[in-house]
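In the numbering used here, the protein residues as written are -7 to 612. In what follows, a structure is listed as C-alpha cells, so that the remarks can point back to it.
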C-alpha cells in the first residue's frame, strides 16, 4: 500500500502523546487453480465451493465473477461464532447490538477520520487531515482531507460530521455513544466544508482521540447527511440497494447481504485513488461468512477456504499449521504466537469483604501463585505472566520509569514463605487442615470463572490450596458474572483492559468512583474490586487533566505514585497477559501485519483492519 500523507498539523504536545502510544484439521496449501468465488461452505472444510442458486435481493446486481485469488474470506471474531449473520438488511450501526461496523463494514466500506497503529502509537490521518487541541483541553479544531467522497459521489464534509454528532446527542440515550457525547460535547461549529470545531463542556485532553482516532473498540463512523437527514435514527435501517445504501467512503461497496454471506466488491471509483492518496487494493472482493465454531474454522483454514478471522488456541494453531504451512500468526515464531490486546487475566476480590479487605491477605494470595506454571499448564506458554496492570502496547515505555518501585515490591516473586509471612503479619494461623484461619474462621475463596478462561481454574485451585487457602471454582456465564460482580456478590477470574496507550487508562479503574458502599451496585468498570483510596483518587484526578508522555516529568511522577499504591494495596491480582493467536493465511494473500512489520494491530474487529485490506498482496 502506498499512502501519501500531506503535512500533519497536530501540535507538538499531541505528537508526544502519540509517540508514547503503542494503545486473537485436510488439504494442501498449494491449489492447482483459483476458481471463481461464490458462497464458501460454512459447515465443513471438505464441502466444495459451488455457485449458489441466485437469491440476489431486489435492487442488488447479480454477482460478477471474481477469482478466489482476488477474494478475501473472513468470519466473525472470537466468541461471536454463529451459524448466520444478524441484521442482514439493517445497516444502522448506531443502534445498540448492530455490529456490522465491527464485523464487516470496517474491512472495506467504512472509513474513519483517523486511525492509530496501536503497536507504535503512530497516528494515521485518513478522512481527517489534522486536528489541534487548545491549551485548556476543551476545544478541538479539525481539518478534513480535501477530495474525500461518499460512494454516490457526494463530497464528505464537516457538515456530515456535525450532523452525525448532533443526531447522536439528540437521541440520547438510545443510540451508541449518545450519553457520553451528550455529557461531553457542548457544540460543533462548522467553519467551512473542510473545517470544524468541537467545543466540550469541560476539559478532556483525551476525548477527541479516544472517540475519533484510537480505533481500539471504537467505531465512530460519520454518516452521510444527505441520506440520514429527515430519517428517524431509531428506526432507519440505512439499507436500500436501489439507492446504493449503505453508503461509505471506502474502496468497497455492499453487493450481497444474506444470513449466509455478506459480499463487498471493489468499487469502480474511489476518492483515495482519484486524488493519489492511496493505491487501489489488490483485493477485489470481501466475503464475510458465518463459521459455527473453532473446529470448523480450523478446517477452513487448513483447506484455504478462510483467510482470517477467529483466533485459534495455541495447540490448534500448531496442528493446523502442520497441515497447511501457509498459516501464520502475528508472532510466527512463538511460543507466544498471539498479539497483545491491552487486556490481562485477573483475579478480582471484593476489597470490602472480610479477609479480602486486608492488603496482606491479598498479597499472600498473590505470592501463592506460580504464574510460570499457571501459564505453561493452562495455556501452553501462549499467555505471558504479568503482575502489574501494564500491557505490551506503547504503555510499556513507562515500565522502565516505574521499574524501581516494581523491583522493591517484587510482586512476581512466587514464594510460599513470603505468602505465609504476610498471613502471619495479618494475624492468621494454620488450622488442623493446614488452612489459614483467624478467630476460628477459615479463609474461603469461591471464584466464578467463565468457560473460556476455565483452563486456569484447576491450576490455581491446586496452587492456592498448597498455599493454605480453601479455594473452590465454579463456572459462570459472562452475562451474569458481571452483574453479580457489580453488586459485590462474587469474586471472579476476569479480564481487565485499559492500558493500550498510557498508565492512566488502567489505573483509572481503581478510582473510588468505580466503587460503591457494601451491598450497593456500582455502574463503573467492574475491574476495581471496590477498591477505595483517596491518595489514588488524588493522583488519578490530576493525571486525567494531563496529556501523557514519558517526557512529562509530572505525569511520570504521578504514574510512579499510582504504581506504588497499586503494589502496596494489591487491589486486583494480575495473572497473565491476554493474547490471541490470530490466523493469517498466506496461501492467497501476503502483507499481513506481524512482529516483523507491525504496521497496525492485527485484530479483525478494530477499525484499522481496513488498512490491512489495502496492504494485502496477491500471491498468485
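We put the beta carbon where it would ideally sit given N, CA and C, even for glycine. Small disclaimer: the values here were computed from a predicted structure and weren't measured.
> Whose CA, out of 484, 329 and 167, lies closest to the CA of residue 576?
Replying inline: 329
>> Mapping the DSSP letters down to three states, classify residue 508 as helix, strand or coil.
In response: coil
> Helix, strand or coil: how does DSSP classify residue 563 here?
Replying inline: coil
>> Quick check: does the Cβ of residue 558 come within less than 7 angstroms of any heavy atom belonging to the ligand ATP?
In response: The ligand ATP is not part of the structure shown, which contains no ligands of any sort.
> Sorted by chain position, which residues of the same chain lie with C-beta nearer than 8 angstroms to residue 537's C-beta, five sequence neighbours on each side aside?
Replying inline: 129, 195 and 197
> Mapping DSSP to helix, strand and coil, what is residue 184?
Replying inline: strand
> So who's on the other strand from residue 586, going by DSSP bridges?
Replying inline: 589
> Got a sec? Which residues, its chain only, sit under 8 angstroms from residue 426 by beta carbon, not counting five neighbours each side?
Replying inline: 460
> For residue 479, does the count of other Cβ atoms within 10 angstroms reach 16, so buried, or fall short, so exposed?
Replying inline: exposed
> Is it buried or exposed for residue 593, if we count other Cβ within 10 angstroms and need 16 for buried?
Replying inline: buried
> Taking Cβ to Cβ, would you say residue 225 is nearer than 8 angstroms to residue 75?
Replying inline: no
> Considering only the beta carbon of each residue, do residue 302 and residue 287 sit closer than 8 angstroms?
Replying inline: no
> Which stretch, first to last residue, makes up the alpha helix (DSSP H) that contains residue 679?
Replying inline: The displayed coordinates of the chain run from -7 to 612. Any statement about residue 679 would go beyond what the structure contains.
>> Buried or exposed for residue 289, going by 16 or more other Cβ atoms inside 10 Å?
In response: buried
> Can you tell me where the beta strand (DSSP E) with residue 279 in it begins and where it stops?
Replying inline: 277 to 280 is the span of the beta strand (DSSP E), which, as asked, contains residue 279.
> Can you round the beta-carbon distance between residue 118 and residue 216 to whole angstroms, since I take them to be within the 8 angstroms contact cut?
Replying inline: Wrong, their Cβ atoms sit about 16 angstroms apart, outside the cutoff.
> Residues in its own chain within less than 8 angstroms of residue 619 by CB, not counting five upstream and five downstream?
Replying inline: Because the chain is modelled from -7 through 612, residue 619 falls outside the range shown and cannot be assessed.
> Which stretch, first to last residue, makes up the beta strand (DSSP E) that contains residue 486?
Replying inline: It spans 483 to 489 - the beta strand (DSSP E) in which residue 486 sits, taken as one unbroken run.
> In the DSSP assignment, what residue or residues form a beta bridge with residue 117?
Replying inline: 106
> For the 8 angstroms Cβ check, are there 3 or more pairs between the region 103 to 123 and the region 225 to 234?
Replying inline: no
> Whose C-alpha, out of 273, 396, 581 and 527, is nearest the C-alpha of residue 611?
Replying inline: It is 581.
>> Going by DSSP in three states, residue 387 sits in which element: helix, strand or coil?
In response: helix
>> When you compare the CB of residue 369 with every CB in chain B, is at least one pair closer than 8 angstroms?
In response: Of the protein chains in the structure, only one exists, and it is not chain B.
> Do you know how far the Cα of residue 333 is from the Cα of residue 572?
Replying inline: Spanning the two alpha carbons is a distance of roughly 8 angstroms.
>> Taking the alpha-carbon of residue 382 as reference, which of 566, 57 and 95 has the nearest alpha-carbon?
In response: 566
> Buried or exposed: where does residue 507 fall if 16 or more other Cβ atoms within 10 Å of its Cβ makes it buried?
Replying inline: Residue environment for residue 507: buried (at least 16 other C-beta atoms within 10 angstroms of its C-beta).
>> Just to check my reading of the structure: residue 636 and residue 477 have Cβ atoms closer than 8 angstroms, yes? What is that Cβ distance to the nearest angstrom?
In response: It is not possible to answer for residue 636, since the shown part of the chain is limited to -7 through 612.
>> If the criterion is Cβ atoms closer than 8 angstroms, does the pair residue 86 and residue 160 meet it?
In response: Here residue 86 is near residue 160, since their CB atoms are less than 8 angstroms apart.
>> Which of the three DSSP states is assigned to residue 558 in this structure?
In response: helix
>> Between which two residues does the beta strand (DSSP E) holding residue 442 run?
In response: Segment 436 to 442, the beta strand (DSSP E) holding residue 442.
> Three-state secondary structure (DSSP) at residue 610?
Replying inline: strand
> Hey, how far is the Cα of residue 591 from the Cα of residue 55?
Replying inline: 33 angstroms
>> DSSP has residue 135 in a bridge; who is on the other side?
In response: Per the DSSP secondary-structure output, residue 135 pairs in a beta bridge with 122 and 187.
> From residue 481 to residue 292, what distance separates their C-alpha atoms?
Replying inline: 42 angstroms
> Taking the Cβ atom as the reference point for each residue, do residue 614 and residue 492 lie within a distance shorter than 8 angstroms?
Replying inline: No answer is possible for residue 614: the residues shown for the chain start at -7 and end at 612.
> Does DSSP put residue 241 in a helix, in a strand, or in coil?
Replying inline: coil
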